[in-house]
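Asks: Numbering (our numbering), first residue to last: 446 to 853. Beta carbons are placed, not taken as given, at the ideal position from N, Cα and C, and that holds for glycine. It should be emphasised that the depicted structure is a prediction, and the values quoted were computed from it without experimental measurement. My structure is below; once you've seen it, I'll send some questions.
What follows is the structure, encoded as C-alpha cells:
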C-alpha cells in the first residue's frame, strides 16, 4: 500500500496519476469519441465521472493501451490474412508475419532468427496472431513492448501490399520447390507471384555478367529459347545483361520462365526491367525469399543465387568476370550436387582465372556450342534424350526421380 508522509507527496502523486479526458485521449492516442465508446463498453473504467468532468488513472490506462493496441493489431492481422485466403493457407500467412517480425530484431538474418523462432515454436502456437505472446516476446527479444508492437504493425502493413493471388509457401509444403528443399540454403518461406507449379518442374538456370558482349547476350537468348523445346523451365535472376537475355529468349517462343529475385516480389529491380518483371508475373513465375518488410541489402543477391541454383538441376554460366555473382551461384550449385556448365571461350580466355578453378570440380563441365550443351544436358539426364518437341509448359512433367550429379 502506498503511504505519503506529507500532503505535498500526495498532491504530486495525484497530479501525475490522475488524468482528465483530454490527457487520457493523448495518452491512448485516440479521439474523445473513441474514449467515450470504450468507457460505455466497460473496457475503460474512470476513477470518477460527473457532469463537470471525468478522471482516469494513468497506470490503468497504460495497461489498457497495451491490451487495446494488441487487440487492434490482431484484428488487422486477421483481416489481412482473410484477404489472401483465396489460395493461401491462413496459418502459414500468420506464421510468416510472426517470423518476419522476429527476424527484423536480428537484422533480417535467418541464421540468427530461425533458432529463436524454433525455440518459441516449441511451446507457443505461432500460427496465431503474435500480440497474444507479446509479454513473453519482450523478454525473449529484450525489447520494449511498444517497439515490438510497432514492428509487428509495420510487417502487417507491408504484407498488405501483396496481391491476393500471391502465394506464401513454407518449407515442407506441397508447392515448395522439392529440389530446393533438399539443400541447406532452403529458406523457411518463399513468396511467389505467377504460376507456382512451375517451381516443381525441371529447371536449368542461365546466369552471367550484367555487361555481356553482344555474342554472350545472343547465346543466352538462344539458349533460353532452345531449352523450352525440351520441356525445361529456364530460371534466371532478372538482372541486366545475361539474365535479361535468357528471360526474353524463353518468353519469345511462348515458354514461361522463372525469375528468382533479390528483392521482395512487391518491388522492381532494376527499374528498366519493370515491364519484363510484369510479363514474367503474368506468363511465368517470380520467386523471392524476402518478405515485403525486408530492406534490399547487398547480401540479398548471393542468397537468391543459392535459391536459384537450389531449384535448378543445372546452372549454365554464359559469360562472367572474376567478381561476377554468377560465380557465387556456380559455387552453390556444385555444393548442392548440381551440374555447372562453363563455356570453352571462358576457359580459353587467359585473362580469366575462375574457369580453371571450377572446371576440375565434380559436376563441372565445359561446352563450345549450344548444340554441344544440349547433348551434355542429355548425357547428364537433365533433359530427356529424345527428339526435340515443341510443347508448352502445360504438358511439362513435374520433377520426379530424375536428379543430378552426386559428388563422391
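Should residue 762 and residue 746 be called a contact, given that it needs their Cβ atoms to be closer than 8 angstroms?
Replies: In this structure, residue 746 does not lie closer than 8 angstroms to residue 762 by Cβ.
Asks: From the DSSP output, in three-state form, read off residue 832 for me.
Replies: Any reading at residue 832 must be qualified, since the residue scores a pLDDT of 43, below 50, and its modelled position is unreliable; the value itself is stated next. Coil at residue 832, not helix or strand.
Asks: From residue 457 to residue 471, what does the alpha carbon distance come to, in whole angstroms?
Replies: Each residue's alpha carbon lies about 20 angstroms from the other.
Asks: For chain C, find out if any of its Cβ atoms is closer than 8 angstroms to the Cβ of residue 637; answer yes or no.
Replies: Of the protein chains in the structure, only one exists, and it is not chain C.
Asks: Considering only the alpha carbon of each residue, which of 619, 741 and 481 lies closest to residue 643?
Replies: Closest option to residue 643, Cα to Cα, is 619.
Asks: Could you work out which residue in 567, 587, 568 and 595 is closest to residue 576 when comparing CA atoms only?
Replies: Selected option, being the one with the closest Cα: 595.
Asks: Hey, residue 651 and residue 691: beta-carbon distance below 8 angstroms or not?
Replies: A contact, by the Cβ cut-off of 8 angstroms.
Asks: Should residue 482 be labelled buried (16 or more other beta-carbon atoms within 10 Å of its own) or exposed?
Replies: Exposed is the call here.
Asks: Tell me whether residue 713 sits in a helix, a strand or coil according to DSSP, three-state version.
Replies: In the structure shown, residue 713 sits in coil (DSSP, three-state: anything other than H, G, I, E or B).
Asks: Nearest by alpha-carbon distance to residue 725: which of 705, 735, 739 and 744 is it?
Replies: Looking at the Cα atoms, 705 is the closest of the given residues.
Asks: Who are the near neighbours of residue 675 in its chain, counting only those whose CB is closer than 6 angstroms to its CB and skipping five residues on each side?
Replies: Here the set comprises 828.
Asks: Tell me residue 732's beta-bridge partners as DSSP assigns them.
Replies: 637 and 705.
Asks: For the beta strand (DSSP E) containing residue 680, list its first residue and its last residue.
Replies: From DSSP, the beta strand (DSSP E) with residue 680 extends over 678–681.
Asks: In whole angstroms, what separates the C-alpha of residue 592 from that of residue 602?
Replies: Distance between the alpha carbons of residue 592 and residue 602 is about 15 angstroms.
Asks: With respect to 7 angstroms, is the separation between the Cβ of residue 491 and the closest non-hydrogen atom of the ligand HEM below this value?
Replies: Ligands in the displayed structure: none, and consequently the ligand HEM is not present.
Asks: Can you check which of these residues, 488, 475, 469 and 496, is closest to residue 503 by C-alpha distance?
Replies: Looking at the Cα atoms, 469 is the closest of the given residues.
Asks: Going by beta-carbon coordinates alone, are residue 718 and residue 612 separated by less than 8 angstroms?
Replies: Not a contact, by the Cβ cut-off of 8 angstroms.
Asks: Name, in chain order, the residues that DSSP records as bridge partners for residue 661.
Replies: Answer is none; residue 661 lacks a bridge partner.
Asks: Near residue 672, which residues of its chain fall below 7 angstroms by C-beta distance, leaving aside the five closest residues on each side in sequence?
Replies: Answer for residue 672: 649 and 679, listed in chain order.
Asks: Pairing CB atoms from the segment 552–572 with CB atoms from the segment 655–674, are three or more of them under 8 angstroms?
Replies: No, the segment 552–572 does not touch the segment 655–674.
Asks: Is the distance from the Cβ of residue 759 to the Cβ of residue 822 below 8 angstroms?
Replies: The answer is yes: Cβ separation under 8 angstroms.
Asks: Taking the continuous alpha helix (DSSP H) assigned at residue 770, which residues delimit it?
Replies: 770–780 is the span of the alpha helix (DSSP H), which, as asked, contains residue 770.
Asks: Please state whether DSSP places residue 763 in a helix, a strand or coil.
Replies: If DSSP states are grouped into helix, strand and coil, residue 763 belongs with coil.
Asks: Whole angstroms is fine: what's the gap from residue 803's alpha carbon to residue 584's?
Replies: Spanning the two alpha carbons is a distance of roughly 48 angstroms.
Asks: Measuring alpha carbon to alpha carbon, tell me which residue in 508, 767, 789 and 610 is nearest residue 473.
Replies: With distances taken between Cα atoms, residue 473 lies closest to 508.
Asks: Find out if the Cβ-Cβ distance for the pair residue 606, residue 711 is shorter than 8 angstroms.
Replies: Yes, they are a contact pair.
Asks: Beta-carbon within less than 6 angstroms of residue 578's beta-carbon, same chain only, minus the 5 sequence neighbours each way: which residues are those?
Replies: These residues qualify, in order along the chain: 569.
Asks: What do you get for residue 617, buried or exposed, if any count of 16 or more other CB atoms within 10 angstroms of its CB means buried?
Replies: By the neighbour-count rule (16 or more Cβ atoms within 10 Å), residue 617 is not buried but exposed.
Asks: Closer than 6 angstroms by C-beta to residue 708: which residues in its own chain qualify, once you throw out the five before and the five after it? Chain order, please.
Replies: Once the five neighbours on either side are set aside, the close Cβ partners of residue 708 are 714 and 741.
Asks: Tell me which same chain residues have a C-beta within less than 7 angstroms of the C-beta of residue 621, skipping the five on either side of it?
Replies: Taken in chain order, the residues that qualify are 614, 615 and 635.
Asks: Answer with buried or exposed for residue 702, where buried requires no fewer than 16 other C-beta atoms within 10 angstroms of its C-beta.
Replies: That one is buried.
Asks: Which residue comes first and which comes last in the alpha helix (DSSP H) that contains residue 752?
Replies: Segment 745–755, the alpha helix (DSSP H) holding residue 752.
Asks: Take the Cβ of residue 749 as the centre, count every other Cβ of all protein chains shown within 10 Å, and call the residue buried at 16 or more, exposed below.
Replies: Residue 749 is buried by the Cβ-count criterion.
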